[in-house]
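Inspection log for the structure reproduced underneath, given as structure tokens.
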Amino acid sequence: MALRNVSVDVREGDIKALIGPNGAGKTTLLNIVSGIHQPDKGDVFFSGEKIVNVAPTRIARKGISRTFQHVELFGNMTVIENIMVGQYAKTKAGFLSSGFKLPFVMKEEREIQRKSEKILEYINLGQRKDEPASNLPIGEQRTLEIGRALATGPRLVLLDEPAAGLNIKETRNLGEIIKKIRDELKITVVLVEHDMDLVMSISDSITVLNFGEVIAEGTPLEIQKNPEVIVAYLGEEEEIQRGYNAHT
Amino acid sequence: MLTVFLQFLFSGLTVGAVYALVGIGFNITYNATSIINLAQGEFVVIGGLMMWFFSESLQLPFFVSVAFTIFSAGIVGLLMERLTIKPLKNPDLLLMIMITVAVSIVLRGILMFSFGKDPYVYPAFTEGEPLSIYGAIIQQQTLWVIGITGFCIILLFFFFKKTMVGKAMLACAVNPTAAKLVGINVSRMVMLSFVLSAVVGAIGGMAITPISLMEYDKGPMLAVKGFCAAIMGGLGTNRGAVLGGFIIGILESMTAGYIHSGLKDAVALIILLLILFFKPAGIFVSKAMHQLRKY
Amino acid sequence: MKKGDLLSFLIFILLIILLPVISGSTYTLTVGIFSGINALVAIGLCILMGYAGQVSLGQAGFYGIGAYISSILSVHAGLPIVISAICAMIVAAIAAMILAVPALRLKGHYLAVATLGFGEIIYIILNEWGPGGPSGFGDIPHFSLLGYTIDTTTGYFYLVWGLVAAVMLFSINLINSGTGRALRAIHDSDLACNAMGLNVTALKIKVFILSAVYASLAGSLYAHYVTFISPSSFSLFYSILVLMMVIVGGITNLWGAVIGAVVITVLPELLRRFEELDVLVYGLILTLSLMFFRKGLVPILIEKIKKLREFAVAKH
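Residue numbers (this note's numbering), protein chains in the order written: chain V, 17 to 264; chain R, 806 to 1100; chain S, 10 to 325.
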């Protein structure tokens, strides 16, 4: 059983971090929220609406988008095309109208182009827009994936280990972008992460999972002092200490 | 009434047995490699035609012919795997499907060139009076088909459940990396799975030819029906494939007998579409089982 | 349209217009007509394979539906040919939907097997219940529109290739549009597409229906050209030929599908002497193309020619 008796609340407008040792069930939780897995028991509520047993496609349309642990970019497409696909669900163009190049399709296309360029500028990838997505270094790939998640116009974004494989500078950039998303775009963020510096420095609230159960919940300061959390992370005490220092 | 029904039932069991074997063949390759081998049907044809070649054309004794036929089928399976499957590094699904299709065409081409388009037949395994059950006439060969199929199924059951090699083969598709780590030679398992599935298919072909004859182009339809049998139980489950094969065979036979013989081939396709629509994981499978392998 | 596409398209139109002028021989034009008809089927399959990433082994079934339904309606129901052809396309679309809705939610091999079964069953139905049975039937009217009948080889050549041009235009527009982008994205990661709110299954189904409709149109054109049809033209063998046209031309390349169609249509003429070997030869070409020339024989040859030219130029 991957998760047991897990209950997590996310306040709108927060950056909520989900942390815990490997195998704790964090990605499974994200997968349930985004509709990829169905729970045997339990519910997921989004703005009061029940969204369990709903297909991922429909969940995305309700305003939840996500990134993946292993970057799932459209590698054979350009950077800007990745963002443009993110907007497809909101378009009205269909097969026939696209094939016959109807005027409203052309107008929509121009609009998508414009919006995509704006998003790329926002995440500082504007200069890379025509490059193949697979050519980007991992840091920019992860940023692009976040940009694509923004393209759907979400109210909630789920980020699955976005800092994995990033160096310190890239991680700091990532943190800035995530904070921008919360502060400027007023989007709620749920962040699954192992990088404690990042987690402690940007989160409003943290939930700690271990062996499929919630063992602690609170602000970064509270979590760092929580003995059970420290025990679960035995050996990573130093990281928490460093994170604490970074936060204060 | 009962006579007619029993007649159809038995002819359904007969064809159903072959479908079950084809389905099992699909499962063997799928279990070891996650590949659906669309050339599976051709192995059945090879079984029938090669048996004719050895026993009728070369006039070899029965058991020698059987052995040679099985051997030939095994070689074909081996060559297919070594020449077309093994060389591919990390192929995508589309490519895999097309390669097996391409091989099926090559095999069909060779068969057409060697045997022409005519149907072939050889005598039943035993001479003797047909049985009569409530008035239904049952050929002895029918019993051979059902019996041989049953025997194969039991053998395979022991192979996969009780032998190291069999269990190793099952491990390969579920988690090839883990399999390699525990010392299983995945590459050899893959090869073995192709050989075994070829042999199983050929045995079906050998048994059924005296009853329904064999032509070079029977492969594709057998593949479709066998695949349908395989998915009825959930892809990879042999028990399901057996049940599925017999059910399809019986439904086909009943349709041909009671409704219209032209419709019988559509039965398998209709069943396939219905299963895919309502229960793609198979009818005889539990929820937990199908979550393990994302069909 | 992108510049490269526009140029290719103009050259294409030019070739179509000029071919009957350069070589007026009936033989060449006839081969050309069949190439064009096959190209229509190939383009549809190319979009399905290259953009939705699916295999269909049953295009002959839709091709046959197009031929038979259009013929039956125009001969026995006296409907105008264009209407008959459209009815056939509707039937083909419905059949495609029946296959696609259950199968396309799942992995690729389900559609492959379903289409294999479908093609075989259409073949059986045509043999069993088609007018004339295995011997087929004739007296099918030539294509005509508004009283104007096309019954010359040259006329038919322009009709067929004109339609190919129109279909190419439509298809290129589609590929370059947001929908085309979505299809390409599905190819890369349908997990991510679902997460972005794209209805991946619906898109795949629509592409499949599109390929079926193209094949049906081709079938109708075929029937009204040859005026006599029999089930043997609509067997699994034809489905395989179409598959080969796409693979030889390069799966993601629409123009490749057209060139592939020409190549594979011409091939039997060259292989005429080796009739018993034809299945085998096709199988080998297919296998070798898949294993070694995955980008498509035609694109690879073109690349080689370009490199040779560069080499020659550099030497000076």
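All residues carry an ideal CB built from backbone N, CA and C; glycine is no exception.
On a predicted model such as this, the values are computed, not experimentally measured, just so you know.
- By the Cβ neighbour-count rule, Ile154 (chain V) is exposed, with fewer than 16 other Cβ atoms within 10 Å of its own.
- Runs of the alpha helix (DSSP H) lying entirely within the stretch 38–116 of chain S, each at least 4 residues long, are 68–85 and 90–112 in chain order.
- Close partners of Pro111 (chain S) in chain R (Cβ separation under 9 angstroms): Leu1077, Leu1078, Leu1079, Ile1080, Leu1081, Phe1082, Phe1083 and Pro1085.
- In this structure Lys1023 (chain R) is buried. Its beta-carbon is surrounded by 16 or more other beta-carbon atoms within 10 angstroms.
- Ranked by Cα distance from Gly1050 (chain R), the first of R:Ala878, R:Thr808, R:Ser816 and R:Phe810 is R:Ser816.
- In terms of Cβ geometry, Gln864 (chain R) and Ala1028 (chain R) do not form a close pair [threshold 8 angstroms].
- Assignment of Thr107 (chain V) by DSSP, reduced to helix, strand and coil, places it in the coil class.
- Two segments are said to touch when three or more pairs of C-beta atoms, one from each, lie closer than 8 angstroms; by this definition the stretch 883–897 of chain R does not touch the stretch 855–872 of chain R.
- Residue state for Val230 (chain V) is assigned as strand, using DSSP reduced to three classes.
- Where Lys32 (chain V) is concerned, the enclosing beta strand (DSSP E) starts and stops at Ile31 to Ile35.
- Judged by DSSP in its simplified three-state form, Ser219 (chain V) adopts coil rather than helix or strand.
- If you draw a straight line from the Cα of Glu125 (chain V) to the Cα of Leu24 (chain S), it is about 32 angstroms long.
- Contact check for Gly830 (chain R) and Val1005 (chain R): beta-carbon distance about 5 angstroms, within the 8 angstroms limit, so the pair qualifies.
- In the DSSP assignment, Val823 (chain R) is bridged to no other residue.
- Annotation: Gly141 (chain S) to Ile238 (chain S) spans about 10 angstroms, alpha carbon to alpha carbon.
- About 6 angstroms separates the beta carbon of Ile203 (chain V) from that of Val173 (chain V), a gap short enough to meet the 8 angstroms contact definition.
- Excluding its 5 nearest sequence neighbours in each direction, Ile22 (chain S) has C-beta neighbours in its own chain below 7 angstroms: Ala174, listed in chain order.
- Below 8 angstroms, too few C-beta pairs join the stretch 1033–1041 of chain R and the stretch 1055–1071 of chain R to call them touching: fewer than three.
- Residues of chain S whose Cβ lies closer than 8 angstroms to the Cβ of Asp923 (chain R) do not exist, since the nearest Cβ in that chain is about 13 angstroms away.
- Counted as a single uninterrupted DSSP element, the alpha helix (DSSP H) harbouring Arg913 (chain R) occupies residues Leu898 to Phe920.
- By the Cβ criterion, the stretch 303–311 of chain S is in contact with the stretch 254–272 of chain S, since at least three pairs of Cβ atoms, one from each stretch, lie closer than 8 angstroms.
- Of the candidates V:Ser132, V:Leu141, V:Ala180 and V:Ile96, the residue whose Cα lies closest to the Cα of Val87 (chain V) is V:Ala180.
- Among the residues facing chain S, Lys117 (chain V) is included, as its CB has a counterpart in that chain under 8 angstroms away.
- Under the 8 angstroms Cβ criterion, the stretch 850–865 of chain R does not count as touching the stretch 969–986 of chain R, having fewer than three qualifying pairs.
- In this structure, the alpha-carbon of Arg144 (chain V) lies about 34 angstroms from that of Leu54 (chain S).
- In the DSSP assignment, the residues bridged to Asp176 (chain V) are V:Val208.
- By the C-beta density criterion, Met1026 (chain R) is buried, having at least 16 other C-beta atoms within 10 angstroms.
- With contact defined as three or more Cβ pairs closer than 8 angstroms, the stretch 891–900 of chain R and the stretch 818–832 of chain R are not in contact.
- Within the same chain, and ignoring the five residues on either side of Cys202 (chain S) in sequence, the residues whose Cβ sits closer than 8 angstroms to its Cβ are Ala191, Ala194, Ile195 and Val209.
- Ile184 (chain S) sits buried, since 16 or more C-beta atoms from the chains shown fall within 10 Å of its C-beta.
- For Thr158 (chain S), DSSP records a beta bridge to S:Ser153.
- Beta-carbon to beta-carbon, Gly29 (chain V) and Arg188 (chain V) are separated by about 22 angstroms, too far to satisfy the 8 angstroms threshold.
- The C-alpha of Gly952 (chain R) lies about 21 angstroms from the C-alpha of Met855 (chain R).
- Val91 (chain S) is positioned such that its CB atom lies closer than 8 angstroms to that of Leu154 (chain S).
- Rounded to whole angstroms, the Cβ separation of Tyr939 (chain R) and Thr808 (chain R) is 6 angstroms, and the two are in contact under 8 angstroms.
- In this structure, Val230 (chain V) places its C-beta atom within 8 angstroms of the C-beta atom of Val22 (chain V).
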